[in-house]
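Let me begin by presenting the structure, written as structure tokens, before commenting on it.
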């Protein structure tokens, strides 16, 4: 026998892991610390051939992991909890109308109540649930608190009790079990096709599309790998989903340790919404075909590079150049159409080439020799290269946005110059601060013209 | 052993024909659009008096300091693309330590509507090449631009893949490379860019005169069916078109018709 120090945090982590593993039996599961897992098997038992076979399956698999489990199956969470802990067999199944009779003989500790209440009840001889159940409720509540009555009602199914699942359950899910554990990711790709097609059919029939799909790979040793893909628009197109998932699987590639094989895969669809059907044109070709192709491309970019890295430009109401634009994720919803031309006209009036094509997100300080007080620089040094200026335009003065009340002290007036150096390079420089107020205004490099 | 002497098999003959057809690009002619630079004089630099839309164009700065000029020239080409073809343009850029980022208001001023640009920020070169190749597979797009100041994986094979994809879909590919880039690639057109100082002679009395028009010195380093040479080409943001900044100084003009060009613009 080996002994280990008791580590509650580690136990909890392991319990959570095991709870995630039980999602293979039902999407609706929750950990019940310190030593329980609650699984809502409504509508799931038949997948394994009924409740007996389901519990047998759990026993076999858990014993392989080295756990000795006790299972209670009942109508209410409370009754199942009681049966698993106080039942007289490893597996105890209560039929739907037998809850009351089955619980009658159990001690009151099976009610999930405080130790203190148990002691007090035992002292007056209320030792089993059956006795307690037949007592008048008002005095019980008055003497032992409402908690006791609530627990009693929950066990008997007179009061609802819900469980908050450990992971958000999918709206739709399909699964496939393998007789022999699968040892290569390629084989998974094959069965993934079928799984996705049946998922797509389900969604299509319901007239729905989903925004997220999660593929769970169940390893023989209880490890569960989640592979998530997102789509920027609603999707129920099997070929598209398969492609996204296959790419993710391929990216997983060598970094994933397949161990002794994968015995089950589950595909879940999340965030489903009603999807309008695409009209098929008279020519038989789907309309917007290529636009949808573009959406599919964006999805694949998003899933490989991250949706935050697939951006589009939006104008922002500000005169400060680095704040006058924003790059937002292309999957962002509810973006109003905008008119860049009007925005630009507002921003810089008549002169149309006053803004550079390239900008440094953060202006970089340069050393410059300039004419005092407000001339353009004649020489400057940026990133250890020297530039001599032969032409210049400016200044364009941008005052700080006083209405923002920025706490930063460096919010000073900027005087922008467009300059050209001896090699034809065109830069956008600015002087921060004025010679009249600051001792030494600083110069910055900010942008580049073509 | 007597096989050596037999006539070439019809299968081989057929394959040879196919290969030459593929090399000419005639198999996929249907997707090809001929792009104009906006100026007839500049168009004449290229074979068939236009740039084929389904080509891979490499733009290189002449030196380190000319990178913003090269970016400018690539953006000008993109602006022409967006002007003549529908669909969005994908801009692929690495999470660059140099941090030369597109500035949307400036792009608008330059002649590009920022709404039509999808900007990808990518971690490594491998993903960038993947993203470009995927984009070239989507005929809905107008074009794709990759910025690759440091390259390790971009070689003949990688560029050949891009070029073939572009040929199939008709989507244009632009690749910005470093001035130090060397090695053979399968690009259809390679341009080396340097900015030109404003052309007028500075008036003596002014200390720092105003900046002139945007003019680049474009050197055509590679283009099948065209002569290499360099031209001074300006950018007109009002008409969104290139123009020849000065007369071809002392250089022989291109022959009027190039033999292998079935398409010609008139007027």
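Protein chains in written order, with the numbering used here: chain A, 1 to 450; chain B, 451 to 717. Beta carbons: idealized from backbone N, C-alpha and C, even for Gly.
{"Asked": "Chain B within 9 Å of residue 55/A, Cβ atoms only", "Found": "no"}
{"Asked": "DSSP state of residue 116/A mapped onto helix, strand, coil", "Found": "helix"}
{"Asked": "Close Cβ partners of residue 18/A (< 6 Å) along its chain, the five nearest in sequence each way excluded", "Found": "none"}
{"Asked": "CA-to-CA distance, residue 20/A to residue 164/A, given in whole angstroms", "Found": "13 Å"}
{"Asked": "Residue 604/B - DSSP class collapsed to helix/strand/coil", "Found": "coil"}
{"Asked": "Nearest-angstrom Cα separation, counted from residue 333/A out to residue 1/A", "Found": "59 Å"}
{"Asked": "Runs of beta strand (DSSP E) lying entirely within the segment 180-258 of chain A, each at least 3 residues, in chain order", "Found": "208-219 and 224-235"}
{"Asked": "Below-9 Å beta-carbon distance, residue 325/A vs any chain B residue", "Found": "yes"}
{"Asked": "Segment contact, 8 Å Cβ cut-off, at least three pairs: the segment 295-306 of chain A with the segment 231-246 of chain A", "Found": "yes"}
{"Asked": "Same chain only: Cβ atoms within 7 Å of residue 118/A, ignoring 5 sequence neighbours per side", "Found": "108 and 109"}
{"Asked": "Residues near residue 437/A in its chain [Cβ-Cβ closer than 6 Å; skip 5 each side]", "Found": "none"}
{"Asked": "Three or more C-beta pairs below 8 Å linking the segment 40-57 of chain A and the segment 83-98 of chain A", "Found": "yes"}
{"Asked": "Near-chain A residues of the segment 561-581 of chain B (beta-carbon distance less than 8 Å), N- to C-terminal order", "Found": "563, 564, 565, 567, 568, 569, 570, 571, 572, 573, 577, 580 and 581"}
{"Asked": "Residue 416/A - containing alpha helix (DSSP H), residue span", "Found": "Per DSSP, residue 416/A belongs to no alpha helix (DSSP H); it is in the beta strand (DSSP E), 414-421."}
{"Asked": "Short CB-CB distance (under 9 Å) between residue 290/A and chain B", "Found": "yes"}
{"Asked": "Proximity winner among 428/A, 386/A and 292/A, relative to residue 537/B (alpha-carbon distances)", "Found": "292/A"}
{"Asked": "Neighbour list for residue 647/B in chain A, Cβ cutoff strictly below 8 Å", "Found": "390, 391, 420, 422, 423 and 424"}
{"Asked": "Opposing strand residues paired with residue 511/B [DSSP bridges]", "Found": "643/B"}
{"Asked": "Own chain partners of residue 445/A with C-beta closer than 7 Å, once the 5 adjacent residues on each side are dropped", "Found": "360, 363, 364, 366, 382, 427 and 429"}
{"Asked": "CA-to-CA distance, residue 236/A to residue 115/A, given in whole angstroms", "Found": "52 Å"}
{"Asked": "Listed by chain order, chain A residues near residue 685/B by CB distance under 7 Å", "Found": "450"}
{"Asked": "Nearest-angstrom Cα separation, counted from residue 168/A out to residue 73/A", "Found": "23 Å"}
{"Asked": "Identity of the residues DSSP links to residue 691/B by a beta bridge", "Found": "686/B"}
{"Asked": "Chain A contact for residue 604/B (CB, 9 Å cutoff)", "Found": "no"}
{"Asked": "Any beta strand (DSSP E) of 3 or more consecutive residues that is wholly inside the segment 13-90 of chain A", "Found": "29-32, 36-39 and 71-73"}
{"Asked": "Contacts of residue 557/B in chain A (Cβ-Cβ under 9 Å)", "Found": "313, 340, 355 and 357"}
{"Asked": "Spatial distance of residue 491/B from residue 672/B (CA atoms)", "Found": "19 Å"}
{"Asked": "Inter-residue CB distance, residue 238/A and residue 189/A (contact presumed, cutoff 8 Å)", "Found": "Actually they are not in contact, since the Cβ atoms of residue 238/A and residue 189/A sit about 14 Å apart, beyond 8 Å."}
{"Asked": "Any C-beta of chain A under 9 Å from that of residue 691/B", "Found": "no"}
{"Asked": "Contact with chain B by residue 378/A, beta-carbon distance below 9 Å", "Found": "yes"}
{"Asked": "Backbone secondary structure at residue 283/A - three-state DSSP", "Found": "Per-residue confidence for residue 283/A stands at a pLDDT of 49, beneath the threshold of 50, marking its modelled position as unreliable; the derived number appears in the next sentence. Three-state DSSP puts residue 283/A in coil, outside helix and strand."}
{"Asked": "Short Cβ contact (9 Å threshold) for residue 644/B with residue 669/B", "Found": "yes"}
{"Asked": "Cβ-heavy atom distance, residue 575/B to the ligand GTP, below 8 Å", "Found": "This structure simply doesn't include the ligand GTP, nor any ligand for that matter."}
{"Asked": "CB of residue 376/A within 9 Å of CB of residue 658/B, strictly", "Found": "yes"}
{"Asked": "Residue 269/A beta carbon less than 9 Å from that of residue 171/A", "Found": "yes"}
{"Asked": "Test: residue 682/B CB closer than 9 Å to a CB of chain A", "Found": "no"}
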